[in-house]
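Chains as they are written, first to last, in the numbering used here: chain Y, 1 to 371; chain B, 372 to 444.
For glycine and all other residues, C-beta sits at the position ideal for the given N, C-alpha and C.
Here the structure is a predicted model, which means the values were calculated and not measured.
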Amino acid sequence: MRFVDEFRDAELGRAVAGQILSLVEPGRHYKLMEVCGGHTHSIYKYGIDDLLPGNVELVHGPGCPVCVIPMGRVDDGISIAHTDGVIFTCFGDMMRVPGSHGSLLDAKAAGADIRMVYSPLDALRIAKQNPDRQVVFFAIGFETTAPSTALTLKRARSEGVPNFSVMCSHVTIVPPLRALLESPDLRLDGFIGPGHVSTVVGARPFEFIPLDYGRPVVISGFEPLDILQGIEMILRQLAAGRCEVENQYRRVVPYEGNLRALEVMAEVFELRPHFEWRGLGFISHSGLKLTDAYAELDAEVRFGVPGIRVADPKACQCGEVLKGVIKPWECKVFGTACTPERPIGTCMVSSEGACAAYYNFGRFARDREVV
Amino acid sequence: MSEDCASEHCITCGDIATPMTVVMVDPDRGLALCEADDGTRESVEIALVDPVRPADRLLVHAGTALAHQEGDL
């Protein structure tokens, strides 16, 4: 038996589900947000919501890095990709995110040299192999991915790779959570905290949630039992009237995070005054840019990106989905005009997006029995 | 998930990391050759988790090891 099997054991899962059932008060509705898109994916892949009492509702948060990239940012990337002599590199999911005039995949079909990479290090390798071309890496992601970009930028500078640059669209997790907690149309009872972001930032950055907003947070892993136990720990806090940050994912997440990663990020990145999030609008101090010391490797400086703001398509309700105000199936275009093959909104692009997770795993249970 | 990406969770597209085993360490370049459970191999930045040794289990995201793993996950 692999170690992982224990975290997928159906019997143990049902036992935790039984504990969950014993902790909920009949007649009370519990709204818990899983912050991370990886959790959303696991919840629908394993049918975790089917094991929960009907009055425990899971709300899908903004933690899918692809889903929060606004159209204007995609347009900026495409404008760089169409520049003569440029090789534009990005992660696979980013290729299909629609901009206002098509996706990066469409731009590739129209002749731009756009290549999928698995890491920023791959992009740097392409730059070394093509010294006569400008190689740009479109960096997206939360604090899980940002250290990788930061290390690659340091490596590019120390190895002297002048034809490499980064279009930095990294974001940080705390500001959107604060924005959601301030949102008047969303009432949440607790948070399933992001597992792998927390390997980098630790548990401390989430302490403001219980302190300022009186909501429990449990940082959880991604296996079915991790998520169920995370939910059980939140409900146990609520039942006992406690409210704190707990760490279910101790086998990977240290309370202080990865100090070396935080150090390298602080050296390479600084906070933008504000950054636009799809569906959530502009959020102060939520995006990262390169520090002045790394400005020569900043693609936005090197290529002078237009930086135009583009409104989301009217039919798309990604914003409401990202805020957990509506369920994916309640969007007007879900599964009809908007599918993973032809996405209108970003939530349908990535496997971590709430809409794609619903669509791919056929999780359409809309009326569960209420306890 | 990208159509070009064979894994269920794209190693890089989402903010979810993948467990890998260290096969070989290149200390001069700060890299390690690591193998995922499906046999895929890639060069991984180890600056954030150094020192590492062959057979160590690392949590890898976007080509960078973020943490040592206590268990198999």
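Just so you know, the alpha carbons of Y/Phe-91 and Y/Thr-339 end up roughly 20 Å apart. Along the segment 403–415 of chain B, going in chain order, the ones with a CB nearer than 9 Å to a CB of chain Y are Asp-408, Glu-413, Ser-414, Val-415. Y/Gly-18 and Y/Leu-271 have their C-alpha atoms spaced approximately 44 Å apart.
Under the Cβ distance rule, Y/Val-321 does not count among the residues neighbouring chain B, no pair being separated by less than 8 Å.
Classified as buried, Y/Asp-189 has 16 or more neighbouring CB atoms from the shown chains inside 10 Å of its CB. If the five residues before and after Y/Pro-254 are omitted, its C-beta is found closer than 7 Å to the C-beta atoms of Gly-202, all from its own chain and listed in chain order. In the structure shown, Y/Gly-141 adopts extended strand secondary structure according to DSSP, grouped into three states.
From the listed residues Y/Val-301, Y/Ser-286, Y/Gly-287, the smallest Cα separation to Y/Ala-293 is found for Y/Val-301. Residue pairing by DSSP puts Y/Phe-282 in a beta bridge opposite Y/Glu-276. Around the beta carbon of Y/Ser-158, fewer than 16 other beta carbons lie within 10 angstroms, which makes this residue exposed.
Residues of the same chain with a CB within less than 6 Å of the CB of Y/Val-217, apart from the 5 flanking positions on each side, are Phe-191, Gly-193, Phe-206, Ile-209, Val-245 in chain order. From the beta-carbon of Y/Val-252, the residues of chain B found nearer than 7 Å are Leu-430, Ala-438, Gln-440. Within the segment 35–75 of chain Y, complete beta strand (DSSP E) segments of at least 3 residues are found at 56–63, given in chain order. Around the Cβ of Y/Gln-129, a 10 Å sphere holds fewer than 16 other Cβ atoms; the residue is exposed. In terms of beta-carbon proximity, Y/Pro-120 lines the interface with chain B, with at least one pair separated by less than 8 Å.
Taking a contact to require three or more Cβ pairs closer than 8 Å, the segment 278–285 of chain Y and the segment 132–150 of chain Y do not qualify as touching. By the criterion of at least three beta-carbon pairs nearer than 8 Å, the segment 9–24 of chain Y is in contact with the segment 226–240 of chain Y. Comparing C-alpha distances from Y/Val-321 to each of Y/Ala-266, Y/Tyr-30, Y/Ala-354, Y/Ile-87 shows the shortest one belongs to Y/Ala-354.
Cβ contact annotation for Y/Phe-164 (same chain, cutoff 6 Å, sequence separation greater than five): Leu-124, Ala-127, Val-135, Ala-156, in chain order. The DSSP assignment places complete beta strand (DSSP E) segments of no fewer than 3 residues inside the segment 404–437 of chain B at 412–416, 428–432, in order along the chain. Using a 10 angstroms sphere on the CB of B/Pro-398, the tally of other CB atoms stays under 16, which defines it as exposed.
Straight-line measurement puts the Cα of B/Ala-403 at about 11 Å from the Cα of B/Val-420. For the pair B/Gly-410 and B/Thr-392, the Cα-to-Cα distance works out to about 10 Å. Taking the beta carbon of Y/Ser-148 as reference, the chain B residues within 8 Å of it are Glu-416, His-432, Ala-433, Gly-434, Thr-435, listed in sequence order.
Spanning the alpha carbons of Y/Arg-260 and Y/Ala-295 requires a straight line of approximately 22 Å. If you check the CB distance, Y/Pro-175 and Y/His-39 do not come in under 8 Å.
Taking 3 residues as the minimum length, the beta strand (DSSP E) runs contained wholly in the segment 214–274 of chain Y are 217–219, 245–247, 269–271, in order along the chain.
Looking at the DSSP output, Y/Tyr-30 bridges to Y/Val-56.
Contact annotation for B/Ala-388 against chain Y: Thr-144, His-196, Thr-199 [CB-CB distance below 8 Å, chain order]. Annotation for B/Asp-408: Pro-390 place their beta carbon closer than 7 Å to its own, counting only its chain and skipping 5 residues before and after.
Annotation: Y/His-82 is outside any beta strand (DSSP E) and is labelled neither H nor E by DSSP.
Within the model, the alpha-carbon separation for Y/Leu-290 versus Y/Ala-239 is close to 45 Å.
Neighbours of Y/Ala-261 in chain B, taken as residues at a C-beta separation under 7 Å, are given in chain order as Leu-419, Leu-437.
With 16 or more other CB atoms across the displayed protein chains lying within 10 angstroms of its CB, Y/Val-97 is buried. Taking each of Y/Leu-235, Y/His-196, Y/Arg-178, Y/Leu-153 in turn and checking the Cα distance to Y/His-29, the smallest one comes out for Y/Leu-235. Beta-bridge partners of Y/Gln-134 (DSSP): Y/Val-86.
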